[in-house]
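Step one of this worksheet: look at the structure below.
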Amino acid sequence: MKRAMFAAMTALVMFSSCEKHEEIFFNSPFVSIADENGGTKTTVSKDGNNLITVVYVTLSASAEVFSSHIEIEYEMLVGDGLKEGVDFKVQATTKSPITFTPGIYTMPIRIQWFKNADFDPDKDNSLTITLSGSNLEGMLLGYPGPDSRKKSYIFTKK
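Residue numbers (our numbering): 104 to 261.
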């Protein structure tokens with residue numbers, strides 16, 4: 104009896120299913136920004152001088168979509184405690200827009216940080232880099248989904 108019950112249960116499990124499983128592949132191009140560890144924020148020492156930080160803009164697109172160059176634009180929101188050229192500088196070769204040529208999927212943004220004798224810790228000493236546009240129609244900025252994770256990177260100078 105136990106064998107018959109086991110055989111019946113096995114057959115039931117093996118031959119029953121809700122529906123045929125079809126694999127669905129995600130094929131929407133998107134771009135994200137993060138540091139080498141996948142993080143989206145970091146703290147920079149106020150005492151660091153000529154310190155270089157690098158974040159990476161990474162493109163995800165199929166070969167059929169990525170047949171010619173793709174430009175990604177970004178904006179910088181600078182807190183009232185920082186000033187470009189005094190506290191930091193974006194290296195010229197990594198300024199917006201960043202151009203991806205076919206076969207290149209990661210490009211750096213390099214920020215050089217300077218020691219500023221007039222640093223005020225009570226002000227907003229943040230620099231936020233936000234992906235803002237692309238020449239490719241349908242390009243998602245940040246990870247797909249309602250939160251658009253990894254669309255921005257935040258530096259805080261302390």
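From the three backbone atoms N, C-alpha and C, an ideal C-beta is built for every residue, glycine too.
**Study point:** Contact the stretch 236-251 vs the stretch 205-219: 3+ CB pairs below 8 Å
**Key:** Contact between the stretch 236-251 and the stretch 205-219 is not established, with fewer than three Cβ pairs separated by less than 8 Å.
Review point. Could you give the residue range of the beta strand (DSSP E) that holds Arg252?
Key: Taken as a continuous stretch (DSSP letters only), Arg252 belongs to no beta strand (DSSP E), as it is neither H nor E.
Practice item. Return yes when the Cβ of Phe222 is within less than 8 Å of the Cβ of Lys149, no when it is not. Key: In this structure, Phe222 lies closer than 8 Å to Lys149 by Cβ.
**Study point:** Same chain, Cβ closer than 6 Å to Phe169, five either side skipped, listed in chain order
**Key:** Apart from the 5 residues on each side of it in sequence, Phe169 sits with its Cβ closer than 6 Å to the Cβ of Pro205 in its chain, given in chain order.
**Study point:** Neighbour-count burial assignment, Ser255, 16 or more Cβ in a 10 Å radius
**Key:** Looking at its Cβ environment, which holds 16 or more other Cβ atoms inside 10 Å, Ser255 is buried.
Exercise for review: Please work out which residues of its chain come closer than 6 Å, Cβ to Cβ, to Thr231, disregarding the five sequence neighbours upstream and downstream, and give them in chain order.
Suggested key: For Thr231, same chain residues with a beta-carbon under 6 Å away, outside a window of 5 residues either side, are Leu180, Ser255, Ile257 in chain order.
Review point. Whose C-beta lies closer than 7 Å to the C-beta of Tyr208 among residues of the same chain, with five residues either side of it excluded?
Key: Closer than 7 Å at Cβ, skipping near neighbours: Thr161, Leu162.
Check your understanding: Shortest alpha-carbon distance to Ala137 belongs to which of Ile212, Ser229, His172?
Key -> Comparing Cα positions, the closest option is Ile212.
Review point. Excluding sequence positions up to five away, which residues of its chain have a Cβ less than 6 Å from the Cβ of Thr146?
Key: Cβ within range, chain order: Thr259, Lys261.
Check your understanding: In its own chain, which residues sit with a C-beta less than 7 Å from the C-beta of Ile127, not counting the 5 before and 5 after it?
Key -> Any reading at Ile127 is ruled out, since the residue's pLDDT is 48, under 50, leaving its predicted position unreliable.
Check your understanding: Per DSSP, which one or two residues make a beta bridge with Gln194?
Key -> Answer is none; Gln194 lacks a bridge partner.
Review point. Using the C-alpha atoms, what's the distance from Thr202 back to Pro132?
Key: Using only the alpha carbons, I get a separation of about 15 Å.
Review point. Among residues of its own chain, excluding the 5 on either side of Thr197, which ones have a beta-carbon nearer than 7 Å to its beta-carbon?
Key: Cβ neighbours of Thr197 beyond the five flanking positions: Pro211, Ile212, Arg213.
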